[in-house]
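Undergrad:
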Amino acid sequence: MKLSPRLAALTGAAAAGVIAAGTAAAVQAAPPGPAAPNPAQARAAAADSTRALVANRPAYLQAGADDAFVQKPVISSEGTQYVPYERTYKGLPVVGGDFVLATDSAGNLKYASVAQQRPIGALATTPALTPAAAATTARAQFKTVSAVEGTTLVVYTLGAAPALAWETTVRGTSADGPSRLTVDVDARTGAVLRKQEHVVRGTGTGAWNGPSPLTLNTTQSGSTYTMKDPTVTNLSCQDSANNTTFSGSDDVWGNGTATNKETGCVDALFSAQTEHKMLAQWLGRNGANGNGGYWPIRVGLNDQNAYYDGSQVQIGKNTAGQWIGSLDVVAHEIGHGIDDNTPGGISGGGTQEFVADTFGAATEWFANEPSSYDAPDFLVGEKINLVGSGPIRNMYNPSALGDPNCYSSSIPSTEVHAAAGPGNHWFYLLANGSSPTNGQPSSSTCNSSSVTGLGIQKAIKIMYNAMLLKTSSSSYLKYRVWTLQAAKNLYPSSCAEFNAVKAAWAAVSVPAQSGEPTCAGGTPTPTPTATTTPPSGGCSGNKLANPGFESGNVSWTASSGVITTDSGQAAHGGSYKAWLNGYGSSHTDTLSQSVTIPAGCRATLSFWLHIDSAETTTSTAYDKLTVKAGSTTLATYSNLNKATGYVQRSFDVSSLAGTTATISFSGVEDSSLQTSFVVDDTAVTLS
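If you count by mature numbering (1 follows the signal peptide of the UniProt record, and there is no 0), then the sequence shown holds residues -29 to -1, 1 to 658, one letter each, in order.
#1: Residue 687 bridges to which residues according to DSSP?
#2: My output table needs one value for residue 462: the three-state DSSP class, helix, strand or coil.
#3: CA-CA distance, residue 617 and residue 651?
#4: Would you kindly work out how many angstroms separate the C-alpha atoms of residue -2 and residue 70, rounded to a whole number?
#5: Going by DSSP, name the residue or residues bridged to residue 208.
#6: Would you call the region 196 to 214 and the region 245 to 264 in contact, with 3 or more CB pairs under 8 Å?
#7: In its own chain, which residues sit with a C-beta less than 7 Å from the C-beta of residue 661, not counting the 5 before and 5 after it?
#8: List the endpoints of the continuous beta strand (DSSP E) containing residue 55.
#9: Write down the C-beta distance between residue 512 and residue 401 rounded to the nearest angstrom, noting that I regard them as a contact closer than 8 Å.
#10: Using DSSP's beta-bridge definition, name the partner residues of residue 138.
#11: Would you give the residue range spanned by the alpha helix (DSSP H) that residue 238 belongs to?
#12: Can you confirm whether the region 226 to 233 touches the region 292 to 300 when touching is taken to mean that 3 or more C-beta pairs between the two stretches lie within less than 8 Å?
#13: Where residue 499 and residue 460 are concerned, what is the direct C-alpha to C-alpha distance, given to the nearest angstrom?
#14: With which residues is residue 640 paired in a DSSP beta bridge?
#15: Since residue 279 and residue 304 are thought to touch, with beta carbons under 8 Å apart, how far apart are those beta carbons, to the nearest angstrom?
#16: Could you round the C-beta distance between residue 625 and residue 426 to whole angstroms and report it? I think they count as a contact, below 8 Å.
#17: On the criterion of 16 or more Cβ atoms from any shown chain inside 10 Å, does residue 114 qualify as buried, or is it exposed?
#18: Residue 89: buried (16+ other C-beta within 10 angstroms of its C-beta) or exposed?
#19: Tell me which residue opens and which closes the alpha helix (DSSP H) that residue 335 is part of.
#20: Please state whether DSSP places residue 667 in a helix, a strand or coil.
#21: Identify, in the order they occur along the chain, each residue of the same chain with its Cβ nearer than 6 Å to the Cβ of residue 649, setting aside the five sequence neighbours on each side.
#22: Three or more C-beta pairs under 8 Å: does that hold for the region 376 to 395 against the region 405 to 413?
#23: Determine the closest residue to residue 277 out of 263, 251, 317 and 327, with distance taken between C-alpha atoms.
#24: Got a sec, what are the start and stop residues for the alpha helix (DSSP H) residue 63 sits in?
#25: Enumerate in chain order the residues of its own chain whose CB-to-CB distance from residue 385 is below 7 Å, with the five nearest sequence positions on each side excluded.
#26: Along the chain, where does the alpha helix (DSSP H) containing residue 471 start, and where does it finish?
#27: Below 7 Å CB to CB, which residues in the same chain sit around residue 47 once its five sequence neighbours on both sides are set aside?
#28: For residue 118, I'd like the list of residues in its chain whose CB is within less than 8 Å of its CB, leaving aside the five on either flank, ordered along the chain.
#29: For residue 352, count neighbouring C-beta atoms within 10 Å of its own C-beta (all shown protein chains included) and say buried if the count is 16 or more, exposed if not.
#30: Would you report the Cα separation of residue 288 and residue 342, rounded to the nearest angstrom?
#31: Tell me where the beta strand (DSSP E) around residue 578 begins and ends.
#32: Anyone know if the C-beta pair for residue 309 and residue 259 falls short of 7 Å?
#33: Beta carbon of residue 663, beta carbon of residue 469: below 7 Å?
#34: Please classify residue 428 as buried or exposed, where buried requires at least 16 other C-beta atoms within 10 Å of its C-beta.
#35: Report yes if the C-beta distance between residue 155 and residue 178 is below 7 Å; otherwise report no.
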């Protein structure tokens, strides 16, 4: 019988010490130190070590005597700690002074991403222009103005030379519709230095998503139900006419008619909640804003459009009057929010729309809806038919819809949606390659090369980790550098992923950059997505043997006592399940099975997981379950994920097509207070 009581009160980990600072001579990985015992300690080590490093003012920070630095919260991803910093000059905020320092879990510096390319030097901080005059210039950018949020004196370093500026944020209507614009105006001459746009475009029956009924997380208060997620901050769906959350006397929503607002909210809320799962399971991110939160989704915008503006997501309609809350549209808009809430803010240089498109595509593939709904593909808005002419953008062949396939020096000044073409093309090649045979279309390259893809899950993981290196100087050229470094951070023992990122950028004509990362050694070629003809027997069925453990301890390799009928934890189905840990003492349990996935097939790993824990902390992961497919970590769960009942988890493992790999579960429990990880009804399903 498991569930031993805790015998002594112990902390989950010792306090982190200060790590020696890096040097000013070079930004290189230090020799690997001991792994931090838990994420909280890794973040503390990163915060301490970078604080000491910044205090030494290494040359690559371009710091002057009047510069000061503000450390922001550390972001953890796949063992790398990303520490963002903001800069001030004589107490004034510096626009373009931000940087990110990436460390390992012990606090050793791996990479520095710095926006500012020259010291500010001696800059006078007394403006010649009044703040009212600067606000007038900002207001002049709009047809109509609804609000001026405020004007702040800043130092602007994104231009040819540092300048004193007034920064004003204005809400109103531009020629393109609703707008929230930050305008930097030179405080001496009155010239506009930069304009930053912030508007980037229960059960229920939806119009676009399915199969019905869709499961929604809603809130009950007495006899009233609302379309508000009970566990995710600010995630709700509202009528944009009055910003009121949809409510009712039962927990059944929508009628399947796309012109019905409540149905529009079924689609939109389901899409957002699906993206929330993708962010957690594929990327380890805690909500769209990184702190477990979102923004209200409002259905009813009277426009053929959808947008995010920093405080909300507005969902409009197509030319047929149907609300457009499909997976890729909603996930794209929330993707803008993720971009806005990672270091450096909303991406620039023509990259912001392709960045958001990658989250739309990843959410579609995570959901894996049937073909009659918003099925996974690399088209944007193909289901909602916004203006009656099919998809909005094509990621495998942007030129099919009039957008450029290849990068050129004109891209940064191109209209932002068209400028997404090269980035979308790059992402498709990284995920699928140039000649996939897994049902996805071929994609021609700009240099006539052949590119082998890594699969959608690795592609979005590399993209997201590049965003954690992002600064306010973002551009296509910087994203090439950041994604190469992200591949190195994520896959330190392999060059396969790095080489795939590099080949995909070359294939869309984004040139090599001076000082960009290099990779030597490791695996010489990328793992293919699926590069041969599907097997003659087709792609169907469950490839795992004894998937529900009902034959007992056969087909699986497991620690003693893991596959059991012990009544202390219920099975999801039948009598047997796999029960890892639950002893309340230092203990490791493992469960694994080797599986062969035929070339040319898509494959999805799924299992039902129940986590029961006596731990009471809401912040520290003392006990962990790691799920892997081959050498790739798919997810890590802990006592922080404890919940009543089972939850189904699923992962795209199509990157393993044509190989034999091991599906493994490893549970590690600390010295006190039990956590049980109970797995049942597993599957590796081919399609």
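Note that the Cβ used here is the ideal one computed from N, Cα and C, for glycine as well.
Everything numeric in this text was worked out from a predicted model, so none of it was measured.
TA: To lay it out plainly:
#1: Outside the displayed span of the chain (-29 to 658) sits residue 687, for which this structure offers no information.
#2: coil
#3: 9 Å
#4: Residue placement at residue -2 is flagged as unreliable, the pLDDT there being 39, under the threshold of 50; the coordinate-derived value follows with that caveat. Cα to Cα, residue -2 sits roughly 16 Å from residue 70.
#5: The beta-bridge partner set that DSSP reports for residue 208 consists of 268.
#6: yes
#7: What the structure shows of the chain is the stretch from -29 to 658, and residue 661 is not part of that stretch, so it cannot be assessed.
#8: 51 to 60
#9: The pair is not a contact, with the Cβ atoms about 29 Å apart (cut-off 8 Å).
#10: 123 and 155
#11: 232 to 249
#12: In short, these stretches touch, since the Cβ pair count reaches three.
#13: With a pLDDT of 34 at residue 499, under the threshold of 50, the predicted position of this residue should be treated as unreliable, though the coordinate-derived value follows. If you draw a straight line from the Cα of residue 499 to the Cα of residue 460, it is about 20 Å long.
#14: 558
#15: Going by Cβ atoms, the distance from residue 279 to residue 304 rounds to 5 Å, so yes, they are a contact pair.
#16: 5 Å
#17: Residue 114 counts as exposed, since fewer than 16 other C-beta atoms from the protein chains shown sit within 10 angstroms of its C-beta.
#18: exposed
#19: 323 to 338
#20: This structure does not reach residue 667, given that the chain is present from -29 up to 658, and the question cannot be answered.
#21: 540, 548, 550 and 581
#22: With fewer than three CB-CB distances shorter than 8 Å, the region 376 to 395 does not count as touching the region 405 to 413.
#23: 327
#24: Looking at the DSSP string, residue 63 is not in any alpha helix (DSSP H); the run it does join, the beta strand (DSSP E), is 63 to 66.
#25: The answer, listed in chain order, is 321.
#26: Residues 467 to 478.
#27: 10, 13 and 14
#28: Excluding sequence neighbours, residue 118 sits near 141, 142 and 143.
#29: buried
#30: The straight-line gap from Cα to Cα measures roughly 22 Å.
#31: 574 to 584
#32: yes
#33: The requested residue 663 does not occur in the structure, where the chain is confined to residues -29 to 658.
#34: Flag for residue 428 reads buried.
#35: no
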